[in-house]
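Take a look at the structure below.
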Amino acid sequence: MPYSQIIALMLALLIVVDAPVDINPFMSAWSVAAFWLLKATAFALLVFRLAGNKKIGSIGLLQEKLQWLSLFALAIDFYVFDLKIFIAHLIAWPTPGLVNICSLGFYLIYLIMAWAACWLGLKKRGLATISIQDEIDLRLRLVLPAIIPYLAVTLAGDIIGRVQWPGFNDFINSAAGEAISVTIAFITIIVFVPLMIKFIWRCKPIPKGHVRDLIEGFLRRSGLKYREILLWSLDGQRLCTAAVLGVIPSFRYILLTPCLIQNLTPEEIEAVLAHESAHVRRRHMLWYLVFIGIYSLIFYRLFDAVWIWLVSQRPFLRAIFDLRDAPPGIVSLLSSLPLGLALVLYFRFLMGYFMRNFEREADLAVFDAQGRPWHLINALEKLALISGGIRNQPSWHHYSIAQRVEFLQDVAQNPSLKTAFLKKLRQKKALFLLVASFLTLLPGLLPVKSWEAIARRNLTQFYLEQPSNHGKARPKSNNPELD
137 MPYSQIIALM LALLIVVDAP VDINPFMSAW SVAAFWLLKA TAFALLVFRL AGNKKIGSIG
197 LLQEKLQWLS LFALAIDFYV FDLKIFIAHL IAWPTPGLVN ICSLGFYLIY LIMAWAACWL
257 GLKKRGLATI SIQDEIDLRL RLVLPAIIPY LAVTLAGDII GRVQWPGFND FINSAAGEAI
317 SVTIAFITII VFVPLMIKFI WRCKPIPKGH VRDLIEGFLR RSGLKYREIL LWSLDGQRLC
377 TAAVLGVIPS FRYILLTPCL IQNLTPEEIE AVLAHESAHV RRRHMLWYLV FIGIYSLIFY
437 RLFDAVWIWL VSQRPFLRAI FDLRDAPPGI VSLLSSLPLG LALVLYFRFL MGYFMRNFER
497 EADLAVFDAQ GRPWHLINAL EKLALISGGI RNQPSWHHYS IAQRVEFLQD VAQNPSLKTA
557 FLKKLRQKKA LFLLVASFLT LLPGLLPVKS WEAIARRNLT QFYLEQPSNH GKARPKSNNP
617 ELD
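Structure follows, in structure tokens:
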């Protein structure tokens with residue numbers, strides 16, 4: 137699935153998880169239903185109008201804009217309409233995980249509405265090549281591999297939380313229990329997600345013949361271990377690409393689309409395979425997992441320390457007191473905004489920077505495989521033309537094809553550029569790991585206990601300075617030690 141869709145999905149999860157559920161709703165159920173239908177209609181009409189605009193060039197960029205628009209509509213549902221409260225009331229056994237899963241369903245509803253309205257707009261422009269049912273089916277199958285692991289982990293957490301064995305819950309909630317749970321979930325995802333994607337994307341083994349013999353011969357010479365070579369025909373003739381799926385060799389699949397096989401020469405196919413093989417040899421997929429793990433670890437380690445420091449600052453505490461009469465949904469939204477911003481900045485810009493350079497590093501593998509970059513350049517130019525003239529289209533996780541071609545040409549003329557680039561990339565990876573290690577250890581070096589004492593004193597002073605508090609209790613912090 138597109139990387140931008142993964143980030144959007146993470147933001148959707150943040151929206152539904154942080155939405156308030158234990159408050160009185162702002163409106164009645166009938167009022168919420170009426171306003172939601174009105175908003176959903178306006179959303180669909182807006183998407184239809186955008187898709188029907190002939191000035192919109194790239195369909196991919198349009199789809200990316202629509203997913204951000206879906207997030208905006210989702211935030212209104214859960215922070216203005218308090219939709220999560222009504223969802224919890226409709227579920228017979230409203231466990232937190234199940235409520236969040238059902239809430240996430242509204243994000244899928246907006247995506248489906250966006251896909252359908254976009255298809256209608258494209259049909260109006262004469263650009264729709266498949267039926268609306270096939271379009272929605274295709275889009276869902278691209279998104280599901282990122283959603284299903286979350287569903288499985290969340291439901292497993294709900295089930296484990298209901299286990300009543302003596303001492304079991306205490307162990308699961310301990311540091312050792314959490315570490316073991318995360319490790320099991322991590323291994324399970326690595327092993328079973330490639331199998332799941334193979335099934336959902338309807339991948340079939342490439343039949344025996346010249347193309348398969350060509351691919352097998354190249355992979356054998358490059359020493360890349362894999363389980364199967366698959367034909368990825370989910371997107372019909374619209375997608376011209378290749379991919380390597382899976383970290384463990386026994387669960388690793390090589391994917392090629394029919395468009396790529398039909399339009400590239402054998403030498404060009406080998407150049408593309410050299411690029412994909414380099415992702416494995418350079419352990420780029422493991423690096424992506426490292427980026428995700430480090431983000432989670434830094435967030436887990438720094439969150440409490442940052443919150444205690446903020447509460448120890450009187451201007452911040454004053455702002456909290458000033459919000460005590462605001463709707464709970466608005467307060468929750470304001471508290472979620474910094475987390476969402478941090479997520480976007482980290483994955484979209486920091487990780488995106490490394491992803492672009494990993495792609496460039498994989499492009500350079502063609503020099504080791506073929507000595508010259510011309511077959512890869514020809515393949516890139518063909519794919520740009522077949523995909524609708526996207527040669528100069530920017531991407532946050534890929535350099536444009538024009539930039540990739542220019543870099544390969546420069547290296548062909550000056551081979552020292554390759555050595556310099558690889559050295560610089562190694563230095564940046566080392567710097568990233570060094571900074572990440574420092575941020576992980578930082579909470580242990582900070583005067584958190586001193587901040588806690590200041591925070592308690594500030595809370596007491598603010599409480600005493602508010603003799604008429606409208607009959608409301610003082611606001612609670614997110615850290616039990618401060619309450």
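Going by this note's numbering, the sequence shown wraps up at 619, each residue one higher than the last.
Glycine included, every Cβ here is placed at the ideal spot set by N, Cα and C.
Quick caveat: nothing in here was measured; it's all calculated off a predicted structure.
Item, Value
"Is Ser299 buried or exposed, if buried means 16 or more other CB atoms sit within 10 Å of its CB?", "According to the sequence displayed, residue 299 carries Val and not Ser. The residue in question, Val299, is exposed, as its Cβ has fewer than 16 Cβ neighbours within 10 Å."
"State the DSSP-derived secondary structure class of Ala282, mapped to helix, strand or coil.", "helix"
"If we require 4 or more residues per run, which alpha helix (DSSP H) segments fall completely within the segment 416 to 487?", "420 to 447, 450 to 458 and 464 to 480"
"Does DSSP put Trp362 in a helix, a strand or coil?", "A small correction: the amino acid at residue 362 is Tyr; Trp does not occupy that position in the sequence shown. Of the three classes helix, strand and coil, the one that applies to Tyr362 here is coil, per DSSP."
"Which whole-angstrom value describes the C-beta separation of Val571 and Ala441, a residue pair presumed to lie in contact below a C-beta threshold of 8 Å?", "Not confirmed; about 17 Å, so no contact."
"Tell me whether the beta-carbon of Phe162 lies closer than 8 Å to the beta-carbon of Asp218.", "yes"
"Kindly say whether Ala379, judged by its beta-carbon, lies nearer than 8 Å to any beta-carbon of chain D.", "Checking the listed chains, one finds no chain D in this structure; it contains a single protein chain."
"In or out: Glu271 buried (at least 16 other Cβ within 10 Å) or exposed?", "buried"
"Let's see if you can read the secondary structure: which residues bound the beta strand (DSSP E) around Ile316?", "No beta strand (DSSP E) holds Ile316; the alpha helix (DSSP H) holding it covers Ala311 to Ile336."
"Nearest-angstrom Cα distance between Gln141 and Gln597?", "46 Å"
"Taking the alpha-carbon positions, what's the Ile316 to Ala566 distance?", "28 Å"
"Do the segment 225 to 237 and the segment 247 to 255 touch if we need at least three Cβ pairs shorter than 8 Å?", "no"
"Should Tyr246 and Phe171 be called a contact, given that it needs their Cβ atoms to be closer than 8 Å?", "no"
"Just to confirm my understanding: we take Arg388, look at its own chain, exclude 5 residues before and 5 after, and list those with CB closer than 8 Å. What are they?", "Pro330, Lys361, Tyr362, Arg363, Val380, Leu381, Gly382 and Val416"
"Under 8 Å, do Ile342 and Ile365 count as touching if we go by C-beta distance?", "yes"
"Expressed to the nearest angstrom, what Euclidean distance is found between the alpha-carbon atoms of Gly580 and Ile430?", "17 Å"
"Looking at the secondary structure, which residues open and close the beta strand (DSSP E) in which Ile526 lies?", "Where Ile526 is concerned, there is no enclosing beta strand (DSSP E), given that its DSSP letter is neither H nor E."
"Considering only residues of the segment 503 to 573, which uninterrupted beta strand (DSSP E) runs meet the minimum length of 3 residues and lie entirely inside it, listed in chain order?", "none"
"Check each candidate in Lys564, Lys559 and Tyr436 and name the one with the smallest Cα separation from Ala311.", "Tyr436"
"May I ask you to report which of helix, strand or coil DSSP gives Gly607?", "Any reading at Gly607 must be qualified, since the residue scores a pLDDT of 47, below 50, and its modelled position is unreliable; the value itself is stated next. Three-state result, Gly607: coil."
"Checking 8 Å against the spacing of the C-beta atoms, do Leu453 and Asn594 come in under that value?", "yes"
"In whole angstroms, what separates the C-alpha of Val347 from that of Thr401?", "10 Å"
"Specify, as a first and last residue, the run of the beta strand (DSSP E) that Val380 falls within.", "Ala378 to Leu381"
"Relative to the alpha-carbon of Ala505, which residue among Ser523, Gly353, Arg592 and Gly476 has its alpha-carbon at the smallest distance?", "Gly353"
"Counting pairs of beta carbons, one from the segment 498 to 516 and one from the segment 467 to 478, are three or more of them closer than 8 Å?", "no"
"Would you mind giving the Cβ-Cβ distance between Phe628 and Met487, rounded to the nearest angstrom? I have them listed as a contact below 8 Å.", "No answer is possible for residue 628: it lies beyond the span of the chain, which begins at 137 and ends at 619."
"Determine the DSSP secondary structure at Lys344, reduced to helix, strand or coil.", "coil"
"Which term fits Gly465, buried or exposed, when burial requires 16 or more other beta carbons within 10 angstroms of its beta carbon?", "buried"
"Apart from the five residues just before and just after Gly293, which ones in its own chain have a Cβ nearer than 6 Å to its Cβ?", "Gly233"
"Does the separation of the CB atoms of Ala148 and Leu205 fall below 8 Å?", "no"
"Give every residue of the same chain whose Cβ lies closer than 7 Å to the Cβ of Glu403, excluding the five residues on either side of it in the sequence, and list them in chain order.", "His511"
"To the nearest angstrom, how far is the alpha carbon of Ile384 from that of Val447?", "45 Å"
"Taking its Cβ as the centre, do 16 or more other Cβ atoms sit within 10 Å of Trp451, making it buried, or is it exposed?", "At residue 451 the sequence reads Pro, which differs from the Trp that was named. Pro451 is exposed by the Cβ-count criterion."
"Roughly how far, in whole angstroms, is the beta-carbon of Thr393 from the beta-carbon of Leu375, given that I think they are within contact range, below 8 Å?", "5 Å"
"Mind checking Phe184: buried by the 16 CB within 10 Å criterion, or exposed?", "buried"
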